[in-house]
Amino acid sequence: MQFEGQKPSQYTLSSVLRMCSANALLTRGEQIHSYAIKTDLDSNGFVNTGLVDLYAKCKRILEAEYLFDMASDRKNHVLWTTMLSGYSQNGYELRALECFRDMLAGGVESNQFTFPSVLTACAAVSARGFGAQVHGIIVRTGFGANVFVESALVDMYAKCGDLNNARRALETMEVDDVVSWNSMIVGCVRNGFKEEALFLFGKMHRKDMEIDDYTYPSVLNSFASMKDMKNAKSAHSLIIKTGSEGYQLVSNALVDMYAKWGELGSAFQVFNSMLNRDVISWTSLVTGYAHNGSHEEALKLFCKMRVAGIEPDQIVTASILSACAELTVLKFGQQIHANFIKSGFPSSLSVDNSLVTMYAKCGCIEDANRVFNSIRIRNVITWTALIVGYAQNGKGTHSLQFYDEMIASGIKPDFITFIGLLFACSHAGLVEHGRKYFESMDKVYGIKPGPDHYACMIDLLGRSGKMQEAKELVNQMVVEPDATVWKALLSACRVHGDLELAERAATTLFELEPQNAVPYVMLSNTYSAAGKWEDAARIRRLMKSKGVSKEPGRSWIEMNSKVHTFMSEDRSHPNTNEIYSKVDEIMILIKEAGYVPDMNFALHDVDEEGKELGLAYHSEKLAVAFGLLFLPQGAPVRIFKNLRVCGDCHSAMKFISRVFHRHIILRDSNCFHHVREGMCSCGDYW
1 MQFEGQKPSQ YTLSSVLRMC SANALLTRGE QIHSYAIKTD LDSNGFVNTG
51 LVDLYAKCKR ILEAEYLFDM ASDRKNHVLW TTMLSGYSQN GYELRALECF
101 RDMLAGGVES NQFTFPSVLT ACAAVSARGF GAQVHGIIVR TGFGANVFVE
151 SALVDMYAKC GDLNNARRAL ETMEVDDVVS WNSMIVGCVR NGFKEEALFL
201 FGKMHRKDME IDDYTYPSVL NSFASMKDMK NAKSAHSLII KTGSEGYQLV
251 SNALVDMYAK WGELGSAFQV FNSMLNRDVI SWTSLVTGYA HNGSHEEALK
301 LFCKMRVAGI EPDQIVTASI LSACAELTVL KFGQQIHANF IKSGFPSSLS
351 VDNSLVTMYA KCGCIEDANR VFNSIRIRNV ITWTALIVGY AQNGKGTHSL
401 QFYDEMIASG IKPDFITFIG LLFACSHAGL VEHGRKYFES MDKVYGIKPG
451 PDHYACMIDL LGRSGKMQEA KELVNQMVVE PDATVWKALL SACRVHGDLE
501 LAERAATTLF ELEPQNAVPY VMLSNTYSAA GKWEDAARIR RLMKSKGVSK
551 EPGRSWIEMN SKVHTFMSED RSHPNTNEIY SKVDEIMILI KEAGYVPDMN
601 FALHDVDEEG KELGLAYHSE KLAVAFGLLF LPQGAPVRIF KNLRVCGDCH
651 SAMKFISRVF HRHIILRDSN CFHHVREGMC SCGDYW
């Protein structure tokens with residue numbers, strides 16, 4: 001047009017600016033703006049409105065605001081609405097409300113384009129009162145029958161949690177608008193009315209409304225929360241029939257729903273059929289595996305996600321850190337931490353809490369404390385993670401100190417906090433503190449003790465030799481004692497040699513968990529420790545006759561991203577000869593330092609020499625020998641064990657740490673043992 005010498009008018013420029021706005025072509029729009037200034041058309045109302053719309057749609061709200069203010073007395077309802085919409089669409093909701101107020105004060109009338117924008121702003125900041133006033137204006141000005149205005153009203157009331165008025169607005173609509181129904185369903189889901197959301201979905205289906213890809217995610221969310229598998233699968237069939245499975249929002253919701261149910265196979269099947277997967281798709285699947293105990297698989301999926309070029313967000317980072325904590329893979333967790341820092345994502349409390357837990361569960365309590373100190377706003381989960389972490393790392397008195405600080409900061413403890421506290425008391429022998437915290441649960445905080453709290457108290461009393469009080473507590477329980485409680489009692493009997501009570505606890509456990517080998521092993525070991533070899537053999541025969549298999553004791557150590565696993569008297573490792581030679585050397589040196597093998601932990605009826613050899617080649621000792629051989633000089637030796645460490649190995653570790661000047665970190669099924677220079681963090685009380 002310009003090449004042919006035709007001069008564009010204000011109508012031409014406004015049309016071209018509208019195209020630039022629709023396609024977010026900021027640079028082209030700025031060129032048109034320059035042309036308008038040169039030709040003195042920038043002061044024209046049509047052009048000015050087009051420019052305000054362009055800058056607002058391209059997220060340049062300051063430029064839009066400047067041009068709007070420059071219009072001064074040339075502002076009509078179109079320009080006001082354009083500016084108001086710009087504020088609303090760019091996250092300046094309060095400014096949008098102020099703009100609407102100023103528009104009314106200036107005597108400018110609103111229309112069907114103004115009201116949806118201001119109602120959207122009300123919904124975003126939950127300004128229900130302001131929205132209700134706008135509703136009144138809508139009724140007075142006669143725009144209440146407009147489908148866009150009606151839909152915005154339903155959305156505003158639903159997002160503000162006023163479902164009654166949202167329902168009324170929906171019912172008065174003359175046209176069944178799918179957007180309005182979607183808003184109502186989302187509102188029901190967000191406010192916990194899952195059944196009503198499903199009822200509305202059924203009603204939409206009966207009305208033969210065209211259900212879109214925004215309807216299904218909310219409905220599937222309801223099914224996930226209610227665990228309504230039958231109807232959910234019917235909805236999945238409907239999704240396939242209507243071809244909606246191709247929509248990413250719908251497929252993501254399906255993956256999330258199945259993952260939350262623990263139906264990981266179905267979740268993976270939907271995920272695998274997706275042509276395009278975004279961070280939400282991967283996050284739903286990885287989080288599902290992590291939350292359902294498939295921690296190793298979650299880590300593998302996370303690695304595939306990174307290879308696929310997907311940057312992890314805060315949600316998947318928190319989940320994968322939790323998986324690292326459960327697997328105690330410190331190096332992997334440290335890499336996740338480093339990547340999160342590099343990503344530039346803002347601080348996330350869920351990630352911070354997961355970091356505290358991960359470092360604590362990997363035995364790095366100092367690092368957990370450093371993360372904790374860097375968190376500005378802490379919640380009960382943050383404090384509880386640290387309290388539990390210190391308890392698991394053999395520093396129960398520190399747990400109690402942090403609990404006092406938490407209470408002083410105004411944070412109230414929850415169900416899990418007290419489990420951590422009582423665990424700390426149990427492993428530090430703090431009987432009076434334990435009693436105080438246990439009593440305060442119901443009396444001060446209204447938290448009814450559960451089986452886990454009773455198990456901790458029974459463990460605390462049993463360890464302290466207060467067996468009679470432990471028995472009385474079992475009889476006084478206000479909830480039915482579960483396997484955890486009886487195991488705690490049986491463990492106490494093992495420590496104090498109470499055979500009669502051990503038999504009672506074990507017999508109860510045989511009934512509660514007939515295929516669990518733990519009570520058989522604990523009772524057999526109790527008999528062995530008391531020298532009752534025939535009774536110990538009888539329990540092992542009973543266990544075998546019932547087809548109950550014992551989990552073999554294993555110890556493992558990680559080096560150069562490879563895990564080396566050992567079992568008692570294990571000779572399968574490629575470096576067996578070197579390892580056994582090192583064990584023999586260790587035993588000679590620590591005996592010279594004062595170590596005496598504790599035959600009470602030789603649980604086989606053999607001669608003294610055989611018992612001593614059996615103790616020398618326990619899996620923990622093989623693992624520490626491997627660590628001393630192949631880890632760099634001075635590096636800490638981190639050993640993990642699936643069962644509880646025996647008293648003899650615990651004693652040996654203290655001598656090894658002193659003789660070889662090494663920090664040994666041994667995590668058994670109960671807690672961490674930080675052994676330095678002949679001293680253990682547990683204070684020999686574990």
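For the sequence shown, the positions run 1 to 686 when full-length UniProt numbering is used.
Glycine is no exception: its CB is placed at the ideal position from the N, C-alpha and C atoms.
Three-state secondary structure (DSSP) of residue 412: Look at residue 412 here: in three-state DSSP terms it is coil, with no helix or strand label.
At least three beta-carbon pairs within less than 8 angstroms, the stretch 617-626 to the stretch 563-570: The answer is yes - the stretch 563-570 touches the stretch 617-626, with three or more Cβ pairs under 8 angstroms.
Where residue 105 falls, given that 16 or more other Cβ within 10 Å makes a residue buried: Residue 105 is exposed by the Cβ-count criterion.
Helix, strand or coil at residue 494 [DSSP, three-state]: Secondary structure of residue 494 (DSSP, three-state): helix.
Cutoff 8 angstroms; reference residue 374; Cβ partners in own chain excluding five residues on either side: 352, listed in sequence order.
Nearest-angstrom Cα separation, counted from residue 278 out to residue 203: Taking the Cα positions, residue 203 is about 32 angstroms away from residue 278.
Cβ-Cβ distance between residue 262 and residue 231 below 8 angstroms: With contacts defined by Cβ atoms closer than 8 angstroms, residue 262 and residue 231 do not form a contacting pair.
Any 3 or more C-beta pairs closer than 8 angstroms across the stretch 667-675 and the stretch 633-643: Touching, yes, given that three or more Cβ pairs across the two stretches are closer than 8 angstroms.
Span separating the alpha-carbon of residue 57 from that of residue 192: Distance between the alpha carbons of residue 57 and residue 192 is about 35 angstroms.
Length of the line joining the Cα atoms of residue 628 and residue 649: Looking at the backbone, the Cα of residue 628 and that of residue 649 are separated by about 16 angstroms.
Contact the stretch 13-23 vs the stretch 41-56: 3+ CB pairs below 8 angstroms: Contact between the stretch 13-23 and the stretch 41-56 is present, with at least three C-beta pairs closer than 8 angstroms.
Residue 487 - DSSP class collapsed to helix/strand/coil: Note: residue 487 maps to helix in three-state DSSP.
Given 8 angstroms, three or more beta-carbon pairs between the stretch 570-585 and the stretch 532-546: The answer is no - the stretch 532-546 does not touch the stretch 570-585, with fewer than three Cβ pairs under 8 angstroms.
Collapsed DSSP secondary structure at residue 610 in the structure displayed: Per-residue confidence for residue 610 stands at a pLDDT of 44, beneath the threshold of 50, marking its modelled position as unreliable; no derived number is given.
Boundaries (first-last residue) of the alpha helix (DSSP H) holding residue 156: Per DSSP, the continuous alpha helix (DSSP H) segment holding residue 156 begins and ends at 147-159.
Start-to-end residues for the beta strand (DSSP E) that takes in residue 637: It spans 637-641 - the beta strand (DSSP E) in which residue 637 sits, taken as one unbroken run.
Other residues of its chain near residue 171: CB distance less than 6 angstroms, five sequence neighbours each side excluded: Counting only Cβ-Cβ distances below 6 angstroms, and skipping sequence neighbours, we find nothing.
Selected residue, minimal CA-CA separation from residue 45, among 63, 218, 155, 72: Nearest C-alpha to residue 45: 72.
At least three beta-carbon pairs within less than 8 angstroms, the stretch 583-602 to the stretch 513-520: Short answer: they don't touch.
Option in 1, 631, 379, 439 with minimal Cα separation from residue 662: The shortest C-alpha to C-alpha distance from residue 662 to any of 1, 631, 379, 439 is the one to 631.
Residue 562 in three-state terms, based on DSSP: Strand.
Whole-angstrom distance between residue 93 and residue 405, CA atom to CA atom: Residue 405 and residue 93: Cα-Cα distance of roughly 39 angstroms.
C-beta contact flag for residue 452 and residue 419 at 8 angstroms: Yes, the pair counts as a contact, with Cβ atoms nearer than the cut-off.
Same chain, Cβ closer than 6 angstroms to residue 489, five either side skipped, listed in chain order: Counting only residues of its own chain and dropping the five nearest sequence neighbours on each side, residue 489 has a CB closer than 6 angstroms to the CB of 458, 505.
Residue 260 versus residue 224: straight-line alpha-carbon distance, rounded: Spanning the two alpha carbons is a distance of roughly 6 angstroms.
Nearest residue (CA-CA) to residue 637, options 651, 647, 621, 83: Residue 637 has its Cα closest to that of 621, out of 651, 647, 621, 83.
Terminal residues of the alpha helix (DSSP H) in which residue 504 lies: Looking at the DSSP string, the run of the alpha helix (DSSP H) that includes residue 504 is 499-512.
Residue ranges of each beta strand (DSSP E) within the stretch 208-285, 3 or longer: Correct list: empty.
Nearest neighbour of residue 552, chosen from 361, 536, 645 [CA to CA]: Proximity to residue 552 across 361, 536, 645 peaks at 645, based on C-alpha coordinates.
Given residue 428 as reference, the closest of 390, 414, 175 once Cα atoms are compared: It is 390 whose Cα lies nearest to the Cα of residue 428.
Contact check, residue 356 vs residue 385, beta carbons under 8 angstroms: Cβ distance < 8 angstroms, so residue 356 and residue 385 count as in contact.
Buried or exposed by the 16-neighbour rule on C-beta atoms within 10 Å, applied to residue 107: Residue 107 should be labelled exposed.
In chain order, each alpha helix (DSSP H) run of at least 4 residues that lies wholly inside the UniProt repeat "PPR" (76-110): The qualifying runs are 77-89, 93-105.
DSSP state of residue 168 mapped onto helix, strand, coil: Three-state DSSP puts residue 168 in a helix.
Within 8 angstroms, strictly: CB atoms of residue 333 and residue 303: For residue 333 and residue 303, no; Cβs fall outside 8 angstroms.
Under 8 angstroms between C-beta atoms of residue 41 and residue 29: No, the Cβ-Cβ distance between residue 41 and residue 29 is not below 8 angstroms.
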